[in-house]
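Residue numbers (the working numbering): 28 to 1017.
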Amino acid sequence: MITLAQLMDLVCTSDALTIAEIVANILHRDDEDDFYLGAESLWVKSGERWTREAARELGWGCRYLVMMEDAVEETEGSEWIKANADQRRDLREQKIMMATLVHVYLFLFYEEGHRPRWLVRDKAWGEDLEFKIDDSGEEVEIWIVKGRGRKVKVDIGALLRFEEEVFVDCPNVETFDIQWIKNNARNDVEEGTGCFCAVSCHCECLVADSACAAAGGAESVFESLAWECEGGAVGTMAYVLYWGAGGIVDNGGGAGEWIGVSVAGEGSRHSVTFPTYLGSSYDASTTNLTYSIQGGVKYENASVILSFISPITPTSTFRQSMPASYIKIYVEGNFDLSIYIDINGQWVSGDDESRIQWEFSEGQSQDLGSPSLKTWKIRRSEEQLLTEKNDRAEWGTLHFTGPAESNHESGTAFNMRNRFKNTGALRNVTDGNFRNINQDEPVFAFSKDFKLKGATSKNKVLSQDSILFTIAHIQDPVVQFAAARGLTLMRPLWASWFKMADAMISHHYLDFEKSSKLAAEYSEQLAVDALKSGSEDYKDIVALSARQVMGATSFSGTAENPLIFLKEISSNGDFQTVDVIFPAFPFFLYTNPRWLAYLLEPLLEHQLSGQYPNKYSMHDIGTFPIGNGYADGHDEYMPLEECGNMLIMGLALVNSLGSTSDPLGPLGSLGEYSDVGGGVFPLSSQIDRVDNAWGGAKDKKQVYSWLKKSYRLWKQWTGYLVEEALIPANQLSTDDFAGWLANQTNLALKGIIGIRAMSGLSEALDERKDAEYYRDISDDYIEKWQEYGISKDGTHAKISYTWYGSWTTIYNLFADSLLCFHLPDATSSRMGLHKPETQKPIGHGRKGKSRTYFIDEKIYKMQSNWYHNVMQKYGLPLDSRHLYTKSDWQFFAAAVASKKVREEIVQSIARWVNETVTDRPLTDLYETEGEGGFPGPHFFARPVVGGHFAFLALERACDGRAVEGLDFLNEVDADLGDREESVLPQVDEL
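Okay, structure coming up:
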């Protein structure tokens, strides 16, 4: 046994806490007279009111959770509170209260000198967790209550101290692998999702009556999503970071969950008999997230495949503009199955207290002769236009659509899911009681009966069937933007083709075959290109990254002038952040360069209209979804960073769209050119037209027009770089989490390449004097940069010119090759409108001529060698200050390193993806050693993972010659193979 004081000592601080001390910590103050601690509540006096408190910090790493209730007027006084707030007020019951305080984090892993790590949260256990105080009031016991009144006692001390078995009376389990638990414990304190059993039992907690089920895990045959298990956490007891859906399958012999949370743990009176779990398989392609689950009875196995399809269709911007996805369910078997799927109100608000309303509609499809559809429409009762909470929009309507043949019902989640488990059917009724998202949680469901029994018993071929659903979030307007004509509520791009959302939803549903075909073509081409460029690991990483990039975008404007708006997710809510678009832009160069033009256009239009006062490029246009700009010029201060980014992206776009005589695209020749005139890179006004392939004479004309319109802005930014790039002042770079720093070597290189890019932009417009002027300056600056930024022994670049003993990743070197400055016959622009004399390499008179023609080849070789030397378990650190890294910059650096070093970097990133545990979307900032965790800030779901496409973008550059120009890097590979395992060098070696 362990005493309560010892428990608090282990969990919260190094000293035992009294109740009074706990409350004082909660309040962050010494005054203990203004609170009342009851058996299950904490009442705090604030002014003339008493309030029952919500979550507050408790010491370090501990958290106190109670429910917020209505305040009580002071006139009723503290005596009323003491008499009525809680029925149990003696010391013994206060100790129960103390147990309630700690039961949220009983299952923390406590390690001396480290913050605790969550395994479970209060909600995941709920009423299944029972506390017992013995008569002396000295000891606490924890029991987990299971169905039919069965209880399992938890040995708290063993759990917290990593001694022996965790569960004393846990059947069917031998000693846990404690070291595995340590290595795979969760780091996400704020979200704290997941179930203990998923971690401790290596995701093998799915058999009924197992010890993990006794520990609070679900007993379902169709256990939660398979990719949760792959990420280190499964269990229908808790959502992943965000999952507003639930799903159940019933085969007549039992029912089980296959999406999200259902009813497990809600009480023994609702216990369900589950079929036997037979394993699952998982597949995630670029646009089609699919997993299959086997279920069975005494006949044959059944297969249920759930396919999430969020199409990426670079050949059809029209389709890409629709904010809608498909869910298709395929079943195969020889017995009848029923499928259930629901969604809740979390799709339309980030606040579970929000009141929502809904409607159900059924009718003929907009296309004559097409099947009828059913649709649930859910929205906030009082929409908050253009506001967000917890990265979720507080305006817009969710459309959940299925075929007329399906059954439907709305109602309380608990009741509906249990009813389906018992009956296998929905009642085709609608709950008219509008309420809060978390008030008797309303859900909106469809179900489908699949009649597969006995269809092909002779040849034993299993019967097959399927059903299609769509989910769309409709917002109109999508953002507010300070356009040239003033503040404008921007409509969605799909509105250029459809007058009403219902028409778009109907078209999207009926377009499934064509849309999924186009998406599959992109996925297949990407897989082929990635495999040629890198490896199986690289193919998997870019497949994992593609949808995350598109998830941050909203298509707007008109068919004549399309725009794409982008949100910087999780790191903050900035709108159209230049240094977020920049790391993402290799994805757009590879996938569809016109989309990059649509991304840059809002920034160009806003600044050309005179609404931004500074002479350097703006950082962003506001906080998403409000893009009002910064008329006072007080945006985040990254002047050199953003000027360099814009110029590099500008020339990359010009080269991509204006360099080839034959149309170029990932899928070859596509549709006809747009029938809409007047805009830059316009789209067809006709529904169901695919885009024309980019490149060629027509795009070259459009590029010329686009560039000429904004030429004065490009020159303005370059003028700033001429003044500031060589010796950067104290400022931020895109890696702003690393802090301010003067004389940044990598930042200076970006500025110098930006000046060189302006020479290319000038060439594209036949501005010969400008082109020569900026080329000469960049030649002069790059010579000085090499003198200032490289270590004295010539082995690596420094973080800053004056920071001796430091090193850094020079990921901005990627732009030199992407823009083809390294090629011997390079013009700065690939448009071919003007070709100056072939320039000579810098330092052409010195010994050992460089085979590159702007930045010396020895810089490439030097950095490639250095990256090998400082490689860590999970990748290449950003610089010598920390062991954290950015995945996007690793791919930039690897793209211009030797083949061997490129392979090392890709393998280390793949190892991080495969080995580390998280319930978050893909991050770009993580530790390269230890557990590979999040160093803080916690980045996830950011579009910067488009930088993972750096290899593919580089292979497209200069008509495929950019990579060939780096062949000299592979001459050093033989040397690398003979070296010892890499370690970080000591400072005195640098």
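Every residue, glycine too, gets a C-beta built ideally from N, C-alpha and C.
Excluding the five sequence neighbours on either side, which residues of its own chain have a C-beta within less than 8 Å of the C-beta of residue i, listed in chain order?
i      : result
Ser545 : Position check: residue 545 holds Leu in this sequence, whereas Ser was assumed. Closer than 8 Å at the Cβ level, and outside the excluded window around Leu545, lie Pro338, Thr340, Thr342, Ser343, Arg346 and Val717.
Tyr536 : Ser392, Leu400, Thr428, Leu495 and Thr497
Asp659 : Pro640
Pull the bridge partners of residue i from the DSSP assignment, please.
i      : result
Ser827 : Gln771
Lys594 : Phe602
Tyr953 : Thr912
His426 : Lys404 and Ala499
Tyr357 : Ile332 and Ser493
Thr945 : None; Thr945 has no bridge partner.
Asn463 : Arg382
Gln758 : Leu768
Thr835 : Asp906
Thr650 : Asp601 and Ile653
Pro589 : Gly584
With residue i as the anchor, note down where its alpha helix (DSSP H) starts and where it stops.
i      : result
Ser904 : The sequence shown places Pro at residue 904, not Ser. It is not in any alpha helix (DSSP H) - Pro904 carries neither H nor E in the DSSP assignment.
Glu991 : Arg988 to Glu991
Asn672 : Pro666 to Gly685
Ser533 : Ala528 to Leu537
Leu845 : Leu840 to Leu845
Gly973 : Neither: Gly973 is in no alpha helix (DSSP H) and is coded neither H nor E.
Trp622 : Pro620 to Leu635
Arg574 : Glu563 to Met577
Asn896 : Glu884 to Val897
Gly746 : Tyr738 to Glu751
Considering only residues of the same chain and omitting the five flanking positions on each side of residue i, which have a CB-CB separation below 6 Å?
i      : result
Ser907 : Ser833 and Trp834
Gly360 : Ala329, Leu479 and Leu489
Ala921 : Arg929 and Ile932
Ser25  : Since the first residue of the chain shown is 28 and the last is 1017, residue 25 is not available in this structure.
Glu139 : Bear in mind that a pLDDT of 27 at Glu139, under 50, signals an unreliable position, so the number given afterwards is only what the model happens to contain. Counting only Cβ-Cβ distances below 6 Å, and skipping sequence neighbours, we find nothing.
Ser381 : Arg407 and Ile464
Tyr747 : Lys642, Tyr643 and Cys670
Tyr565 : Ala557 and Val933
Arg419 : Gly377
Lys150 : Residue confidence for Lys150 is low, a pLDDT of 28 falling below 50, so the modelled location carries little weight and cannot support an answer.
Ala554 : Lys566
Ala528 : Ile501
By the three-class DSSP mapping on this structure, what secondary structure does residue i have?
i      : result
Glu415 : strand
Glu998 : helix
Tyr657 : coil
Ile779 : helix
Ala511 : coil
Phe978 : helix
Val470 : strand
Arg518 : coil
Phe477 : strand
Trp721 : strand
Ser543 : helix
Ser352 : strand
Glu165 : Bear in mind that a pLDDT of 43 at Glu165, under 50, signals an unreliable position, so the number given afterwards is only what the model happens to contain. In the structure shown, Glu165 sits in coil (DSSP, three-state: anything other than H, G, I, E or B).
Since residue i is in the beta strand (DSSP E), which residue starts that stretch and which ends it?
i      : result
Tyr808 : Run containing Tyr808: none in the beta strand (DSSP E); it sits in the alpha helix (DSSP H), Arg795 to Gly816.
Gly390 : Arg382 to Gly390
His435 : Asn434 to Thr439
Ile366 : Leu364 to Asn371
Thr580 : Thr580 to Gly584
Considering only residues of the same chain and omitting the five flanking positions on each side of residue i, which have a CB-CB separation below 7 Å?
i      : result
Lys603 : Checking the displayed sequence, the identity of residue 603 turns out to be Gln instead of Lys. Cβ neighbours of Gln603 beyond the five flanking positions: Phe592, Leu593, Pro629, Leu630, Asp647, Ile648 and Gly654.
Phe471 : Asp369, Ile370, Trp385, Trp403, Ile405, Phe427 and Ser437
Ser737 : Leu631 and Leu635
Exercise. Looking at C-beta atoms only, is the number of pairs between the segment 560–568 and the segment 970–990 that lie closer than 8 Å three or more?
Worked result: yes
For this session: Examine the Cβ distances between the segment 901–920 and the segment 836–847 and report whether three or more of them are shorter than 8 Å.
Result: yes
Exercise. Are the segment 881–892 and the segment 811–821 in contact at 8 Å, needing three or more beta carbon pairs?
Worked result: Contact holds: three or more Cβ-Cβ distances are below 8 Å.
For this session: Could you tell me whether the segment 955–974 touches the segment 565–583, using the rule of 3 or more Cβ pairs below 8 Å?
Result: yes
Exercise. Below 8 Å, can you find three or more Cβ-Cβ pairs linking the segment 601–618 to the segment 718–735?
Worked result: Here the segment 601–618 makes no contact with the segment 718–735; the two share fewer than three CB pairs at distances below 8 Å.
Problem set entry | Three CB pairs or more closer than 8 Å across the segment 771–790 and the segment 732–744 | Yes, the segment 771–790 touches the segment 732–744.
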